[in-house]
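Line by line, the protein sequences are chains A, B, C and D. Using the working numbering, read the first sequence as starting at 226 and increasing by one per residue. Using the working numbering, read the second sequence as starting at 16 and increasing by one per residue. Using the working numbering, read the third sequence as starting at 10 and increasing by one per residue. Using the working numbering, read the fourth sequence as starting at 644 and increasing by one per residue. Heads up, the thing below is written out as structure tokens.
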Amino acid sequence: MNWLQDTVYYIGAFGLVFIGLFVMLVKRNLIKVIIGLSILETGVNLFLVSVGYISRGTAPIFSNPLVETRTRVDPVPQALVLTAIVIGVAVLALALSLAIRLYQHYGTLDLSKIREQKW
Amino acid sequence: MILVVTLFILLMLAAALAALVFKDLMSAVIAACMVSLIASILFYLLQAPDVAMAEASIGAALVTAIFIVAIRRTERYEE
Amino acid sequence: MRSIVSLVALAVIGAGIAVSLDEIPFGAVKSRVGGHYVDLGREQTGASNIVTAVVVNYRGFDTLGEVTVLFVAAMGLGAVLATRRNKQKPDIESASLVLYTGCRFLFPLILLFGAYIFINGHLTPGGGFQGGAVVASAFVLVYLGCRGKKINETGSKLVESAGGLIFILVGFAGLAVGGHYFLSNYLPRGELNTLFSAGVIPIIYIAIGLKVGSELAGVIDRLVEEST
Amino acid sequence: MVNPVVLVAVPLGLAFALPLIGLVSKRMVKYIPVAAFAFNLVVVLRHIPGVLEKPVVVHIGGFVPPFGINLYVGPVGILFAALITIAGLLVSVYSLVYIREGAKEKYHILFLLLLTGAMGVVLTGDIFNLFVFFEVLCISSYALVAYLGDKGGIESAIKYLIQGSVGSSLLLIGIGLLYGQFGTLNMADLAREIQSASPVSVFVPMALMVTGLGVEAAIFPLNAWLPDAHSSAPSSISAVLSGIAIEVGCYAVVRILFTLFGVTDLLMFFVFLGVTTLLIGEMCAFSQSNIKRMLAYSSIGQIGLIVFAFALASSYGVSGGLFQMISHTLGKALLFLAAGYMIYRTGSMQISSFQGMGGKMPLTALAFTIGAFSIVGLPPFIGFPSKFLIIRAALAKEAILFTVLIGLILLGTVIEGAYFFRVIQVIYFKKGSEKPERREAPVAALIPMFIFAALILIIGIYPGLVSRVLGPAANELLNKMDYIRSVLG
């Protein structure tokens, strides 16, 4: 049981990272690729937050004086993840607007059919 | 407790795999939204309420809305 | 074929990451920096939410960059979608009365809730980004429920720019007073756990909330306008 | 002395204010980036003498590192800041007349933010802050590549975005792994902790971070996006993407390898990677008939040379790499700017359509020629001393292997010379059928081109102007102890 406790969050986080990367590598539909990117970002965020977790800690918020003495989890990764989430939504919004434009130009979202540029 | 967490994580991975296999992009987006929602619960369980709020409001709600708008503008099915 | 190659590549990366995860035991104390913030954050910044203290004060420069990223994305989206605009007005099915009234009733309440979240960012969970997202979701509701309503573009530009400028100017004021540091917390800290405390943190978080809210609403607005 | 944080904060403030200024007066908008970079240039120039004596460490928010974010303005930082500011100023003057269509206001905002992101990357002393400013740089370049909104632009932008954001995610995972192991994000603090860590445990984060940043730096297997993106962006943007964005990516890779991880033994790998990148870039450039794709592939070749120089990890090598970056920024920016107006006049990117340009646009053609000669490495232009320094650094290794590699680099230079001379031949010696009708580029576009050309010529004749900075800069990169000491005290 201890083993499970120690690894389950990491497994979840990197499971998402790898599923996201796999979607991005294998799928050719642009929207699907962007969905993969969103899953990948969620996985990275989950990993960062689980790095900051401290066993039996509580949230680093001191609004409630009753839980004054307990250990607190590390606030830094949480701050980083807030930043990462916002950056993620920025990238996704831009990617989707590009996808809409791409569809207007080509009438398809299949990346393997879009070959204006050549190597 | 740990079993509940494990269940959540399995559900989340299953949702991510569903997003991988669905041919209907709308369903795939909803599956990705599920991933974000469960991740938000996990953030809360990891004692990060700020992040949980951000993930629920931005990651699950707004991103899904943007995806749906984009799908309505393009096409709904893969291939 | 492609998926097999990808799987092999991912397996190699996964093995590497698994090795280095050994060094990062789950649940252990890893950082003296984090401990420092938890121990001294309330005293140094006056905020009872240490995550807010880190986001706005200790790592305020990151947050400035982050606000900029969102601004860049909003501008980029505008530039990408502005290049060609089809003018034809599609006929929109108007919403039913119940839906319309419900949306109009909920809209100010959601705005209020968003504002509550970012004004109380230094006391309770939440802050400028979460509150801004809630504000933006109010606009999503309007697009869904009250079709045909648009946000006032000049107004949203105004709020967006004002939010960014307040952030920068509060930072610059730090160069002039209180130790001459950019983005330093030079206002009185006040009493812990009261609304008027934590110096510049609430001001910056309100500015961020307004900016994020108007930017995300603008993003949705442009996408929806494009799609109808 | 002005606090160096204004180098980042003032352009950001102006960018936020630009939509408001646009509401008041549409014509004012395009002058704001010029004003911002002119201001930055003054600040940078005033800081150079002081920084060369003693690096400036700025504590943001008044928190001492590692508890707060700090800026580190050392010789390397000020060198790149000067480069970014000069290129930004000149290209923004060029954009005044070059950008005529599309959402102009957004173009100027994104342009300003792209270079501000680059400025943040080179000045910051915090690894996560580097990531954030790197994202500012990347996202604004994705949007600007798509600015023209044509088929090619959108397609290149989406490919660039996908590869770039996978890179960013890898970088973020690397940062997370480092934070988990060492519990700090300050680069000096991390560098100190990594010294005592086992090399095995830091290898994976290092590989992830270098891969993530390598996408933007366009190192060989990760540069598939570059030729498309650089050739379909507006020419003014191609100039800063080729001249600044990939250099900044390279800077980040070098900073992480040298300062953060203190690597010395893995560099043989990068030596080969650099030479491979060089040869592939030059050979692809040779086979292009599209002028902008040719210039983009030539950038890949130059990046290969820069990576090779840095991988030598000697004082000469690192100075040579930095010198080559300066020479590439000036030369390639000039080439793209000159090519931009030639493309604008002919309406085609095909090299063959440039015939008779020497008669039609003599000044622009002259500027293009100067840039081409400099990139190839002919004296008396800046490309000559920089390539010479790299070759001298490689010879100093006194190994048969390096002699062979120098041979390969010279082969690359010969190919480079061949394709540039082909273009110059078309411009000057192939007369078009119709009578040459002189229509020069506007003055506001010619001035930046000739300032670039003048810089190329002046530094080429007096390399001492920059080598005063290069020595301390190479020292900063190779001596991580000094870096740690000046940040942490």
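Glycine included, C-beta positions come from ideal geometry on N, C-alpha and C. Note that the structure is a prediction, hence the values are computed from the model and not measured.
Quick one, which of the options has its alpha-carbon nearest residue i's?
| i | options | result |
| --- | --- | --- |
| R670 (chain D) | D:L1038, D:F680 and D:H751 | D:H751 |
| G983 (chain D) | D:I805, D:R936 and D:V891 | D:R936 |
| I53 (chain B) | B:V84, B:M16 and B:F23 | B:F23 |
| N829 (chain D) | D:G886, D:V700 and D:V740 | D:V700 |
| I889 (chain D) | D:G826, D:L757 and D:E798 | D:L757 |
| L733 (chain D) | D:I887, D:G855, D:E836 and D:E859 | D:I887 |
| V897 (chain D) | D:I934, D:F706, D:G855 and D:S879 | D:G855 |
| A31 (chain B) | A:E266, A:L273 and A:T232 | A:E266 |
| L813 (chain D) | A:I236, A:A320, A:L246 and A:T232 | A:L246 |
| I83 (chain B) | C:L153, C:N202 and C:A207 | C:L153 |
| A33 (chain B) | B:T79, B:T21 and B:A47 | B:A47 |
| G135 (chain C) | C:G69, C:P211, C:Y195 and C:G44 | C:P211 |
| I742 (chain D) | D:P848, D:C781, D:Y987 and D:L821 | D:Y987 |
| Q824 (chain D) | D:M1004, D:T989, D:S808 and D:F846 | D:F846 |
| V775 (chain D) | D:S808, D:A789, D:F754 and D:E1119 | D:S808 |
| G1060 (chain D) | D:A1087, D:K1073, D:E1041 and D:L1021 | D:L1021 |
Which chain A residues sit within Cβ distance under 9 Å of residue i?
| i | result |
| --- | --- |
| V19 (chain B) | Going along chain A, no residue has its Cβ under 9 Å from V19 (chain B), so there is no contact; the nearest lies around 11 Å. |
| K39 (chain C) | V276, G277, I279 and D299 |
Under 8 Å Cβ-Cβ, which residues of chain B neighbour residue i?
| i | result |
| --- | --- |
| F138 (chain C) | A69 and I73 |
Which word fits residue i, buried or exposed, when buried means at least 16 other C-beta atoms lie within 10 angstroms of its C-beta?
| i | result |
| --- | --- |
| N227 (chain A) | exposed |
| M644 (chain D) | exposed |
| Q1068 (chain D) | exposed |
| W344 (chain A) | Reliability of the predicted coordinates at W344 (chain A) is poor, the pLDDT of 46 falling under 50, and the value obtained from them is presented with this limitation in mind. So W344 (chain A) ends up on the exposed side. |
| S322 (chain A) | buried |
| Q993 (chain D) | exposed |
| V619 (chain D) | Past the boundaries of the shown model lies residue 619 (chain D); chain D is included only from 644 to 1132, so the question cannot be answered. |
| F912 (chain D) | exposed |
| Q998 (chain D) | buried |
| A24 (chain C) | exposed |
| R835 (chain D) | buried |
| R297 (chain A) | buried |
| V169 (chain C) | In the sequence as presented, Val is not what sits at residue 169 (chain C); that position holds Glu. Flag for E169 (chain C) reads buried. |
The alpha helix (DSSP H) with residue i in it runs from where to where?
| i | result |
| --- | --- |
| Y46 (chain C) | R41 to T54 |
| L714 (chain D) | Not the alpha helix (DSSP H): L714 (chain D) falls in the beta strand (DSSP E), residues N713 to V716. |
| V251 (chain A) | N227 to V251 |
| H131 (chain C) | Unbroken run through H131 (chain C): none, as it is neither H nor E. |
| H189 (chain C) | Looking at the DSSP string, H189 (chain C) is not in any alpha helix (DSSP H), and its letter there is neither H nor E. |
| V809 (chain D) | K794 to F825 |
| E748 (chain D) | K747 to L766 |
| I73 (chain B) | From DSSP, I73 (chain B) is part of no alpha helix (DSSP H); its letter is neither H nor E. |
| I279 (chain A) | Where I279 (chain A) is concerned, there is no enclosing alpha helix (DSSP H), given that its DSSP letter is neither H nor E. |
Hey, is residue i's beta-carbon within less than 8 Å of any beta-carbon in chain F?
| i | result |
| --- | --- |
| Y278 (chain A) | In the displayed structure, chain F is absent; the protein chains listed are A, B, C and D. |
Run through chain B and tell me which residues come within less than 7 Å of residue i, C-beta to C-beta.
| i | result |
| --- | --- |
| L225 (chain C) | L77 |
| A166 (chain A) | Chain A is shown from 226 up to 344; residue 166 (chain A) falls before or after that span and cannot be answered. |
| A124 (chain C) | Result: empty, since nearest Cβ-Cβ is about 14 Å, beyond 7 Å. |
| P134 (chain C) | P64, D65 and M68 |
Taking residue i as the query, report the chain D residues whose CB atoms sit under 7 Å from its CB, ordered along the chain.
| i | result |
| --- | --- |
| H45 (chain C) | F710 |
| S29 (chain C) | L820, S844, V847 and P848 |
| L334 (chain A) | In chain order: nothing, as chain D lies at least about 10 Å away. |
Against residue i, what residues of chain D qualify as contacts under a CB-to-CB distance less than 8 Å, listed in chain order?
| i | result |
| --- | --- |
| G163 (chain C) | The sequence given here places Thr at residue 163 (chain C); Gly does not occur at that position. Under the 8 Å cutoff, chain D gives L666. |
Under 8 Å Cβ-Cβ, which residues of chain A neighbour residue i?
| i | result |
| --- | --- |
| F771 (chain D) | L305 and T308 |
| V63 (chain C) | P300, V301, Q303 and A304 |
| A54 (chain B) | L241, T267, N270 and L271 |
| V775 (chain D) | T308 and I312 |
| A789 (chain D) | L323 and R326 |
Terminal residues of the continuous beta strand (DSSP E) containing residue i?
| i | result |
| --- | --- |
| V699 (chain D) | V699 to H702 |
At a CB-CB cut-off below 7 Å, which residues of chain A make contact with residue i?
| i | result |
| --- | --- |
| Y785 (chain D) | L319 |
| S51 (chain B) | T267 |
Cβ-based contacts, 8 Å cut-off: residues of the segment 65-85 of chain C near chain D: Listed by position, the residues of the segment 65-85 of chain C near chain D (Cβ gap below 8 Å) are N66, Y67, R68, G69, F70, D71, L73, G74, E75, T77, V78, F80, V81, A82, M84 and G85.
Interface residues of the segment 798-820 of chain D facing chain A [CB-CB below 7 Å]: E798, S799, A800, I801, L804, I805, S808, V809, S812, L815, I816 and G819
Selection of the segment 175-205 of chain C by Cβ proximity to chain A, strictly under 7 Å: N202
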